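This report refers to the structure that appears directly beneath it.
In our numbering, the protein residues as written are 65 to 205.
Here it is in structure tokens:
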């Protein structure tokens with residue numbers, strides 16, 4: 065998860081850097097999204113990646129709990145109580161990463177049109193996969 069979240073650093077560099085206005089690329093047609101909207105999409109993408117880094121760090125604490133259980137330092141009742149929280153954090157991490165890619169894809173739409181929409185569609189499909197996995201994990205509890 066942390067390796068994927070590294071995309072956030074390059075996204076932030078793009079937000080604060082000089083960007084070509086989509087209106088210049090699509091002239092005389094109006095662009096799908098304005099430069100201001102593209103910057104907003106990239107900012108949301110950066111935020112999603114940054115929060116996923118934080119959550120990945122916090123979930124390390126949960127993994128420490130699991131290690132304690134494996135060595136017999138913690139009882140099964142405590143683990144049973146914390147397992148749903150671990151699943152929620154796992155899903156949140158996946159959703160944040162998919163959201164980061166989703167908003168990056170929306171910003172691509174302004175520059176490459178249909179290819180950006182394909183990536184938006186694939187990101188939408190990944191949302192479905194994450195929610196399916198969430199349901200499967202909670203049924204397994």
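Idealized CB from N, CA, C, for every residue including glycine.
All values derive from a computational prediction rather than experimental measurement.
Residues near residue i by beta carbon distance below 8 Å, same chain, minus five either side
i: residue 157; result: 65, 116, 119, 120, 123
i: residue 86; result: 95, 96, 97, 98, 99, 102, 174, 175
i: residue 83; result: 99, 102, 103
Where residue i falls, given that 16 or more other Cβ within 10 Å makes a residue buried
i: residue 173; result: buried
i: residue 171; result: buried
i: residue 106; result: buried
i: residue 204; result: exposed
i: residue 166; result: buried
i: residue 112; result: buried
i: residue 81; result: exposed
Neighbourhood of residue i by C-beta, 6 Å cutoff - its chain only, sequence neighbours within 5 removed
i: residue 151; result: 201
i: residue 168; result: 109
Could I get the ranges of all uninterrupted alpha helix (DSSP H) runs contained in the segment 168 to 196, with 4 residues as the minimum, in chain order? none
When you compare the segment 161 to 169 with the segment 185 to 196, are there three or more beta-carbon pairs, one atom per stretch, that lie closer than 8 Å? yes
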